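Here is the structure we will look at, set down as C-alpha cells.
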Amino acid sequence: MEKDGKNKSSSATETKKEGLAMNRRDLLKTSLGIGAVAAAGAFGFHLTGSKAEAAPLRQLPKKWDEEIDVVIVGSGFAGLAAAAEAAAAGAKAVILEKMPTYGGNSIINGGVYASWDDEYHLRQKLNLGNDSVEQHKADTLKGGDFYGIPDLVEILAKGATPALNWMIKDGGLKIRQTVTRAGGHTAYRTHTCVEGVGRGYTEAIKKIAEGKGAKVRLGTEVTWIWRKDVNSPVAGVEVKTPKGKKNIKIKKALILASGGFSRDIKMRAAFNPGIVPEFNCTNHPGATGEMLRFAQSIGADSLQLAFIQLYPFAEPETGILDTPAVYPFNGVGYGLVYVSKKGKRFVNELERRDVCSFAQIKLGDKPTYSIFNEQMVTKMGGTKEEVEKGIKKGRFIKAATIAELAGKLKMPADVLQDTIKKHNQYIKDGKDPEYNKPMTKSMILLEEGPFYGIAQWPAVHHTMGGLRINKDAQVIDIWGAPIPRLYAAGEVTGGIHGSNRLGSNAIPDCIVFGRIAGANAAKEK
Ligand SMILES: Cc1cc2nc3c(=O)[nH]c(=O)nc-3n(C[C@H](O)[C@H](O)[C@H](O)COP(=O)(O)OP(=O)(O)OC[C@H]3O[C@@H](n4cnc5c(N)ncnc54)[C@H](O)[C@@H]3O)c2cc1C
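Start counting the sequence shown at 460; every next residue gets the next number (our numbering).
Next comes the structure, spelled out in C-alpha cells:
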C-alpha cells in the first residue's frame with residue numbers, strides 16, 4: 460500500500476509532463492489512466508471512453524437551495540483557520556460541521572504545538588539549545604521515513620511560527636512559559652497552550668474567524684460533493700440537516716477540512732489490516748472517512764492511506780488521551796523514564812511514536828508506565844493542579860520513594876530502583892549504553908521525591924495518509940492536475956507526515972495549510 464502511494468506519486472508527475480503532449484483520450488490509454496478510471500468508476504463516475512466524456516453517477520441537482528462563496532467541511536484547526544483567512548479576504552465563509560459541537564479532534568487534542576520559535580523566544584530564554592526551520596523540516600522528513608513530500612513539509616516548518624504568533628496576537632492565545640523536546644524531535648520546540656488541551660487553539664482561531672464574519676453551522680453533515688464531470692469545477696455540496704436535505708452551490712470554492720478516519724474501523728482495516736478493530740482509539744466519534752471517499756469519487760487522488768499511527772501513552776483501558784496522557788510525551792526531554800510491568804526500561808524514550816508503540820506491544824504485557832518526579836512537572840509544561848486532578852482520577856500514582864512507587868505499581872522494588880539508578884548514572888555520564896538515548900543537560904535526575912507513575916498503552920491515533928494536495932492546498936486529481944475550486948487541509952490530506960507523524964506537528968500542519976486553503980479559496984473568481 461505504501462509502495463502504491465509512491466508509485467502513484469511518480470506516475471502523476473510523469474503524467475503531468477506527458478500530459479502536455481497528450482490529449483485526454485491518449486491519457487486513458489496509459490496504465491495510470493486505465494487503473495485510475497477503474498478505481499474512480501467503482502466509487503461514482505461512469506468513466507468509459509475519455510475523461511472528457513465522463514459523467515457523474517449522480518446528476519447535479521436541478522435547483523440549489525443556497526449559494527455561499529466558500530464552504531468549509533469541518534470545524535477543527537484546519538477548517539477554522541481556512542474560514543478565518545477566507546473571511547479576512549472578504550469572502551462569505553461558512554463551516555459545515557456534522558457533529559452537535561464544534562472542534563472535532565482539535566478541541567480534545569493534547570495542546571502541544573511544534574514551532575522552532577515563538578513570540579517570546581522561550582527556547583532561547585530558557586537556554587534550551589538551537590533550532591531552525593531547516594532542523595524542524597529535517598526531523599519531520601526523517602520521522603516519517605522520508606515518505607513526506609519535502610515541499611509540503613517545508614511549508615509546515617516555515618509556517619508554524621507565524622501561525623502560532625497569529626493566534627497569540629489576533630486570537631488571544633496564551634502559551635505556557637516552557638518548551639519541551641518530544642520523541643523524534645532533535646530540538647526543544649514543543650509548546651503548550653495554557654489550557655493544556657486543543658481548545659486553547661480552537662477558541663483563539665474561532666475568535667479570529669468569527670471576528671471576520673465566518674459562521675459555523677453545527678449538525679450539518681455533508682453527504683455528497685457535486686461535480687458535473689471530471690473536467691468541471693466542483694459545483695456544490697449536498698447536506699443533511701435536522702430540517703432535511705439541502706443543496707448548497709459554491710460560488711468560489713469548497714475546502715475539505717474533515718479530519719482523519721481513525722474511528723472508521725472498516726476503512727482502517729481496508730488500508731491497513733494490522734490496525735485491528737480491537738485497538739482502542741483516541742479520536743472523537745466523528746473521525747470517519749466519508750469526505751475522503753466522496754472526494755475520491757469525483758476524481759481526487761489520495762496517498763499513503765496505510766500509514767496509521769498509534770499513540771503509545773493512551774489510558775490503557777479506554778484509549779482516551781486525557782491531560783495525564785500527555786505527560787509521558789512531554790516529559791522525555793526532561794528525563795522521564797518508561798518501564799515495563801516488571802520495572803525495566805524497554806525503549807529509548809526519545810524515540811518516535813511508532814517505535815515506542817511497537818516496543819510496548821512486543822512486551823505483550825499491558826500496561827507500561829512512565830516514571831517522573833515533581834521537579835519535572837513545570838519543566839515539562841505541567842501544573843500542580845493537573846497533577847492533583849490526575850491523582851484524584853487515579854491516573855497518577857504518587858509515592859515518596861521509588862520503592863514505595865514500585866509497591867503501588869505492583870512491580871519488584873529492587874528492579875525499579877536499579878532501573879532508575881542506572882538511568883540517573885546515564886544522565887550524569889551523558890550516555891545511555893542500553894538504548895542509546897541522546898542524553899541532554901536539561902534532563903533531571905530521579906533522586907528527589909515525590910515520584911509519580913502513570914499507566915500507558917497504544918491506541919489508534921492519527922491517519923497520516925489522505926488527499927493529495929499541492930503547495931497551494933489544491934486537491935490534485937488522479938491525472939495529476941488540480942481539481943478546480945477544491946482545496947483541502949489538515950488530517951484529511953496526506954503526504955506531509957509520511958509513515959509516522961511526530962507528536963505536536965499536527966496542529967501546525969492543520970493551521971498552516973488551513974490558512975493557505977482559505978486565502979486561496981477567497982481569491983477564486
Ligand atoms: C486526543 C487527541 C490528542 C491530540 N493531541 C495532539 C497534540 O497535542 N498536538 C498535535 O499536533 N496533534 C495532536 N493530535 C492530532 C490533531 O489533534 C489532529 O490531527 C487535528 O485535530 C486534526 O484537525 P482537523 O482540522 O484536520 O480535523 P478535526 O479537528 O478532526 O475536525 C474535522 C471535523 O470535520 C467534521 N466532519 C467530518 N466529516 C464531515 C461531514 N461529512 N460533514 C460535516 N462535517 C464533517 C468532523 O466531525 C470534525 O469535527 C491529537 C489527536 C487526538 C485525537
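Where a beta carbon is used, it is the ideal one built from N, C-alpha and C, also for glycine.
What you are looking at is a predicted structure, and each value in this text was computed from that prediction instead of being measured.
The alpha-carbon separation between K848 and L764 amounts to approximately 38 Å.
Distances from the alpha-carbon of I856 to those of W575, T842, I830, I879 put I830 closest. For ligand 1, a non-hydrogen atom lies closer than 7 Å to the CB of S963. About 6 Å separates the Cβ atoms of V696 and V530, confirming a contact at the 8 Å cut-off.
A distance below 7 Å between beta-carbons, with the five flanking residues on each side excluded, links A694 to the following residues of its chain, in chain order: L519, W685, R686, K687, K708, I709.
In the structure shown, the three-state DSSP call for I567 is coil. In this structure the region 774 to 788 does not touch the region 696 to 705; the number of beta carbon pairs closer than 8 Å is below three. The way I'd put it, the region 953 to 972 doesn't touch the region 546 to 553; fewer than three beta-carbon pairs between them come closer than 8 Å. Comparing alpha-carbon positions, the option among A537, I937, A932 lying closest to D610 turns out to be A932. Going by DSSP, R676 is part of the beta strand (DSSP E) stretching over 674 to 676. Rounded to whole angstroms, the separation of the alpha carbons of I850 and P621 is 37 Å.
Minimum Cα-Cα distance from E578 among the listed residues E808, K852, C740, L632 corresponds to L632. In this structure R727 is not in contact with P771, their Cβ atoms being roughly 18 Å apart against a cut-off of 8 Å. Around the CB of P783, 16 or more other CB atoms lie within 10 Å, so the residue is classed as buried. When secondary structure is reduced to three states using DSSP, S963 falls in the coil class, being assigned neither helix nor strand. Per DSSP, Y561 lies in no beta strand (DSSP E) and is assigned neither H nor E. Distances from the CA of L904 to each of H920, W916, Y885, A914 were compared; the closest alpha carbon is that of Y885. Nearest to I527 by C-alpha distance, out of A546, E906, A759, is A546. T637 sits in coil when the DSSP states are folded into three classes, being neither helix nor strand. Residue range 827 to 832 is occupied by the beta strand (DSSP E) that includes N832. Remark: C-beta atoms of A948 and A716 approach each other more closely than 8 Å.
The beta-bridge partner set that DSSP reports for Q768 consists of H921. Look at T782 here: in three-state DSSP terms it is helix.
About 15 Å separates the beta carbons of H650 and D598, which is beyond the 8 Å limit, so they are not a contact pair. Two segments are said to touch when three or more pairs of C-beta atoms, one from each, lie closer than 8 Å; by this definition the region 916 to 930 touches the region 738 to 753. By the Cβ criterion, the region 897 to 914 is not in contact with the region 925 to 942, since fewer than three pairs of Cβ atoms, one from each stretch, lie closer than 8 Å.
Scanning its chain for C-beta atoms nearer than 6 Å, with the 5 sequence neighbours on each side dropped, one finds around L864 the residues A858, F910, G912, in chain order.
Measuring C-alpha to C-alpha distances from G733 to each of E749, F753, Q768 identifies Q768 as the nearest. Shown here, F910 sits in a strand according to DSSP, grouped into three states. Nearest Cα to T560 within the set R517, N586, R658, V571: R658. Short of 6 Å from the beta carbon of R676, and not among the five residues preceding or following it, lie these beta carbons of its own chain, in chain order: L555. A check of alpha carbon separations from V698 across K887, G925, G533 identifies G533 as the nearest. The three-state reading of DSSP puts A548 in coil, since its state is none of H, G, I, E or B.
When Cβ pairs closer than 8 Å are counted between the two stretches, the region 600 to 614 is seen not to touch the region 563 to 583, the count staying below three.
Here the distance from the Cβ of S816 to the nearest heavy atom of ligand 1 is not below 7 Å.
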